[in-house]
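Notes for the one structure printed next.
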Amino acid sequence: MSTRQTKILNWSKKAPGIWSSIIGSPEAFTPFSAINVKPALQALKKRENTPFPFNPDSIKVDIISSRIIIRLPLKEDEKIFGFGLQFMRINHRGRTRYLRVNSDPKIDTGETHAPVPFYVSSRNYGVLINTSRIVTIYCGSCVRKDSKYSSIIRDRNTDPLWTATPISDSVEIMIPGNGVEIFIFSGNTVLDVVERYNLYCGGGALPPRWGLGFWYRMPTNFNAEQIIREAEELRKRDFPCDVIGLEPGWHSKSYPTSYEWSKERFPQPAEFIDKLRSKGFRVNLWENPYVSPSSKIYPKLKPLSGSHTVWGGIVPDYSLPEAREILKAQHTREHISLGVSGYKLDECDGSELTDNSWIFPAHATFPSGHDGEQMRQVYGLILQKMITDIFHERNIRTYGLVRASTAGASSLPYVLYSDLYDHRQFVRALCNSSFSGLLWTPEVREAKSSEEWVRRIQVACFSPLAMLNAWSSQMKPWSFPEVEPIVRKYIKLRMQLIPYFYSAFARYHFDGTPPFRAMALEDDLSKTDAAEIDDQYMAGDSILVAPLFGSERAREVFLPEGIWYDFETGERFRGGQVIQVSAGLEKIPLFVRNGGIIPMMPALSHVPQTGEPVPLEIRHYGTVSGNFKLFDDDGESYAYEKGFYRWRILEVKVLPDGKKQGSISKVEDGWNSSYGRITWKFIE
6 MSTRQTKILN
16 WSKKAPGIWS
26 SIIGSPEAFT
36 PFSAINVKPA
46 LQALKKRENT
56 PFPFNPDSIK
66 VDIISSRIII
76 RLPLKEDEKI
86 FGFGLQFMRI
96 NHRGRTRYLR
106 VNSDPKIDTG
116 ETHAPVPFYV
126 SSRNYGVLIN
136 TSRIVTIYCG
146 SCVRKDSKYS
156 SIIRDRNTDP
166 LWTATPISDS
176 VEIMIPGNGV
186 EIFIFSGNTV
196 LDVVERYNLY
206 CGGGALPPRW
216 GLGFWYRMPT
226 NFNAEQIIRE
236 AEELRKRDFP
246 CDVIGLEPGW
256 HSKSYPTSYE
266 WSKERFPQPA
276 EFIDKLRSKG
286 FRVNLWENPY
296 VSPSSKIYPK
306 LKPLSGSHTV
316 WGGIVPDYSL
326 PEAREILKAQ
336 HTREHISLGV
346 SGYKLDECDG
356 SELTDNSWIF
366 PAHATFPSGH
376 DGEQMRQVYG
386 LILQKMITDI
396 FHERNIRTYG
406 LVRASTAGAS
416 SLPYVLYSDL
426 YDHRQFVRAL
436 CNSSFSGLLW
446 TPEVREAKSS
456 EEWVRRIQVA
466 CFSPLAMLNA
476 WSSQMKPWSF
486 PEVEPIVRKY
496 IKLRMQLIPY
506 FYSAFARYHF
516 DGTPPFRAMA
526 LEDDLSKTDA
536 AEIDDQYMAG
546 DSILVAPLFG
556 SERAREVFLP
566 EGIWYDFETG
576 ERFRGGQVIQ
586 VSAGLEKIPL
596 FVRNGGIIPM
606 MPALSHVPQT
616 GEPVPLEIRH
626 YGTVSGNFKL
636 FDDDGESYAY
646 EKGFYRWRIL
656 EVKVLPDGKK
666 QGSISKVEDG
676 WNSSYGRITW
686 KFIE
């Protein structure tokens with residue numbers, strides 16, 4: 006017989022607009038505890054004290070047979086966003102989300118690489134469940150018999166307004182166990198709520214400047230000589246590139262992995278890395294977390310691993326400090342001390358398709374006492390933190406790729422990717438990731454036509470990580486010769502926009518503002534339909550990106566209120582409406598808001614080293630004055646955490662006679678700026 010306990014919540018204020026409550030007896034192992042989340046309290050204290058978003062007594066909690074049920078009020082017009090990396094939809098109202106880590110989210114259940122039990126409402130509040138368990142959230146998808154809407158019953162045979170999902174007045178959250186911690190966030194806008202969430206998770210990640218250049222991942226079994234020839238070909242053909250990614254073939258063994266260099270393909274890894282670095286390339290290494298018996302660290306990690314294997318490799322329990330130290334020592338000695346700049350953390354999610362299943366089971370046991378369900382939910386998060394710590398201890402920033410994540414990941418410098426490849430879903434994922442403190446790359450791997458190739462490249466160049474991944478396809482930027490100039494144009498544009506994007510990431514770190522974000526975070530949801538837009542997004546504060554897909558030459562674009570300008574031509578558009586836009590293959594529709602300032606650097610072959618200042622062209626669009634905060638630091642170390650950075654204020658004033666005057670704030674003598682000569686370009 007089931008038992009039922011009804012709980013009354015006591016709320017503790019954590020920061021302005023943020024409260025938490027403990028229900029029952031929570032498990033100690035949570036996403037926040039797994040990576041030791043440290044809220045950016047000083048930044049949060051600058052926020053306005055917004056009120057609790059609804060009557061606390063309207064939140065109902067029951068504990069029924071080791072399951073916690075939390076019921077929160079839901080207005081009839083509310084829309085719900087978030088839940089991590091979601092591919093299928095942006096507004097989850099009326100859906101049930103089953104938030105399990107899974108590498109194959111092919112149907113709309115909520116399962117995904119990075120399910121985050123955090124949602125934000127169009128009524129300017131957010132809810133977070135801090136747990137390592139699988140959470141199920143009914144987003145107005147179930148109706149209690151005492152609901153105020155339950156009396157609205159329609160006859161399907163005669164009423165065209167009948168719907169399979171009636172209107173519900175509540176969100177119901179189910180968590181396994183006898184206790185959990187819940188957070189409530191409130192703000193003045195949906196964006197304000199998301200910013201507070203990111204700041205509570207430590208502030209957004211600030212990658213090294215080189216991480217925002219172009220990435221090229223090599224075919225999996227290329228050897229050192231082939232990779233260097235390919236890198237030289239990039240330079241010869243005038244394609245900017247900062248990062249060369251090595252796929253499984255760099256290992257002596259993979260699936261499971263050894264973490265050791267193949268002596269046949271890479272006989273002198275240090276010399277190989279040095280040669281690439283001399284040409285302006287960083288090296289990023291692929292790995293997965295399942296350790297081969299051939300690895301030298303296998304005997305040490307075996308007693309610190311779980312009860313089950315994956316592909317014959319052990320699954321280390323990296324929630325244990327001693328296990329982390331073994332891997333950190335090996336990676337430092339054999340990779341990072343040689344000059345490796347980062348990692349691609351693959352297959353830390355698991356798959357449970359009927360025809361392709363691989364992962365340790367939920368009932369697996371680990372030396373720490375955690376079970377397989379908990380470990381799978383947070384494994385990608387732990388790996389990110391462990392690798393980031395190696396670089397942080399050496400005062401070197403890293404930027405990498407990961408295939409699983411969850412709550413609390415905002416401050417970790419990792420970008421999610423997928424083995425799926427639907428282009429529209431990739432853009433939707435880019436929008437959705439912005440609600441949950443995640444970064445996503447719509448990486449390019451292959452294409453069925455030159456049109457698709459260009460459209461994918463264009464979107465990748467306006468994302469957190471611009472990458473061509475040729476590990477399997479062996480595609481190259483010039484694989485479609487007829488469009489090679491267009492591909493080069495956008496990779497060069499990516500390089501030119503690094504000062505703009507880098508400053509947007511600095512705002513992510515200090516203010517919590519997602520550098521790439523959905524339109525629902527940009528516009529007043531009470532006045533527009535921006536809540537449903539999932540095929541356009543903001544890149545930084547001033548650029549609106551409206552991708553085209555495949556052979557498309559036109560599309561509708563929603564422009565928020567105000568005046569907007571075409572990025573390339575300066576053509577003027579009135580906002581607050583949907584416009585029809587035509588664009589040839591050589592153009593992705595980009596719009597800059599009135600008064601927008603875009604700092605741009607030359608299209609160099611790679612990001613300059615620290616101490617090499619670059620000239621800037623500052624573009625100002627429109628007829629109104631504007632300003633821009635340009636972030637200025639060394640671009641590579643963690644010195645900014647100790648205050649070694651400057652915000653350079655770019656300002657354009659429109660004078661009474663219509664002329665424009667640009668200025669940049671000065672810095673004190675002795676400050677080594679990353680920026681040199683400034684020129685201005687006024688577009689209207």
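So the sequence shown is residues 6 to 689, counted in our numbering. Note that CB positions come from ideal geometry on N, CA and C, so glycine has one too.
| task | Return the CA-CA distance between R381 and Q582, expressed in angstroms with no decimal places. | result | Taking the straight line joining both Cα atoms gives about 44 Å.
| Rounded distance between the beta-carbons of I85 and F188, thought under 8 Å | Cβ atoms of F188 and I85 stay farther apart than 8 Å, at about 16 Å.
| message | Using the Cβ count rule (16 or more neighbours within 10 Å means buried), how would you classify T262? | response | The residue is buried, with at least 16 neighbouring Cβ atoms inside 10 Å.
| What do you get for E527, buried or exposed, if any count of 16 or more other CB atoms within 10 angstroms of its CB means buried? | That one is buried.
| message | From the DSSP secondary-structure annotation, give me the bridge partner or partners of R579. | response | For R579, which the question treats as bridged, DSSP gives the partners I568.
| field | Proximity to T403 [Cα-Cα], best of N289, D674, V488 | value | It is N289.
| Residue nearest to K634 in terms of C-alpha spacing, selected from F563, Y513, H611 | Of the candidates F563, Y513, H611, the residue whose Cα lies closest to the Cα of K634 is Y513.
| message | For the pair the stretch 283–303 and the stretch 247–259, tell me if three or more CB-CB distances fall below 8 Å. | response | With a cut-off of 8 Å, the stretch 247–259 and the stretch 283–303 count as touching, because enough Cβ pairs lie within range.
| request: Put K453 into one of helix, strand or coil per three-state DSSP. | output: Note: K453 maps to coil in three-state DSSP.
| field | Simplified DSSP assignment, three categories, for P21 | value | In this structure, P21 counts as coil in the three-state DSSP scheme.
| request: Give a yes or no on whether the minimum CB-CB distance between G182 and chain D is below 7 Å. | output: The structure shown contains no chain D; it holds only a single protein chain.
| W215 - DSSP class collapsed to helix/strand/coil | Three-state result, W215: helix.
| task | Could you please give the first and the last residue of the uninterrupted beta strand (DSSP E) stretch that includes N135? | result | That run of the beta strand (DSSP E) goes 130–135.
| Complete alpha helix (DSSP H) runs within the stretch 186–233 (minimum length 4 residues, chain order) | Within the stretch 186–233, the complete alpha helix (DSSP H) runs of at least 4 residues are 195–205.
| Is the beta carbon of Y124 sitting closer than 7 Å to the one on G87? | Cβ atoms of Y124 and G87: closer than 7 Å.
| message | Using only CA atoms, which one of D360, F431, W363 lies nearest to M93? | response | For M93, the nearest C-alpha among the options comes from F431.
| request: Go ahead and label E200 buried or exposed: buried means 16 or more other beta carbons lie within 10 angstroms of its beta carbon, across all protein chains shown. | output: So E200 counts as buried.
| query | Straight-line CA distance for D534 to E566? | reply | One alpha carbon belongs to D534, the other to E566, and they sit about 12 Å apart.
| said: So, under 8 Å CB-CB, N193 and E83 are touching, yes? Tell me the CB distance rounded to an integer number of Å. | reply: With a Cβ gap of about 17 Å, N193 and E83 do not count as contacting.
| field | Cα-Cα separation between K280 and E339, rounded to whole angstroms | value | Straight through space, the alpha carbons of E339 and K280 are spaced by roughly 17 Å.
| task | Sort out for me which residues DSSP pairs I669 with in a bridge. | result | As a beta-bridge residue in DSSP terms, I669 pairs with L655.
| field | Contacts around T11, its chain only, beta-carbon distance under 6 Å, and the 5 residues preceding and following it disregarded | value | Excluding positions up to five away in sequence, the list reads D67.
| field | Reference L553, options Q585, G545, S547, A525, closest by Cα | value | The candidate whose alpha carbon is nearest that of L553 is Q585.
| message | Here's the rule I'm using: 16 or more other beta-carbon atoms within 10 Å means buried, otherwise exposed. How should Q614 be labelled? | response | Result: exposed.
| message | Using the three-state DSSP reduction, which class does R493 fall into: helix, strand or coil? | response | In the structure shown, the three-state DSSP call for R493 is helix.
| message | DSSP three-state label for R512, please. | response | Helix at R512.
| message | In the DSSP output, which residue or residues are listed as bridge partners for V562? | response | According to DSSP, which records beta bridges pairwise, V562 is partnered with I584.
| request: Starting from H397, trace the beta strand (DSSP E) both ways and give me its first and last residue. | output: Unbroken run through H397 is the alpha helix (DSSP H), 377–398; no beta strand (DSSP E).
| query | Which one of G648, D109, L343, K111 has the shortest CA to CA distance from A511? | reply | The shortest Cα separation from A511 among G648, D109, L343, K111 belongs to G648.
| Rounded to a whole number of angstroms, what is the C-alpha to C-alpha distance between R639 and R558? | With the sequence shown as reference, residue 639 is identified as Asp, and Arg is not the correct amino acid for it. Cα-Cα distance, rounded: 41 Å.
| field | Top-ranked residue by Cα proximity to S324, from S38, K686, S642 | value | A check of alpha carbon separations from S324 across S38, K686, S642 identifies S38 as the nearest.
| Is DSSP giving P181 helix, strand or coil here? | Three-state DSSP puts P181 in a strand.
| query | Ordered along the chain, which non-local residues of its own chain (more than five positions away) have a Cβ less than 6 Å from that of L204? | reply | In the same chain as L204, and ignoring 5 residues on each side of it, the C-beta atoms closer than 6 Å to its own belong to A45, A48, L49, G517, in chain order.
| said: Let me check you understand the geometry: is the CB of Y505 closer than 6 Å to at least one non-hydrogen atom of the ligand ATP? | reply: No copy of the ligand ATP appears in this structure; indeed no ligand is present at all.
| With distances taken between CB atoms, is the gap from S423 to L386 smaller than 7 Å? | Contact: no.
| field | Cβ neighbour criterion (16 or more within 10 Å) applied to N226 | value | Per the 10 Å Cβ criterion, exposed.
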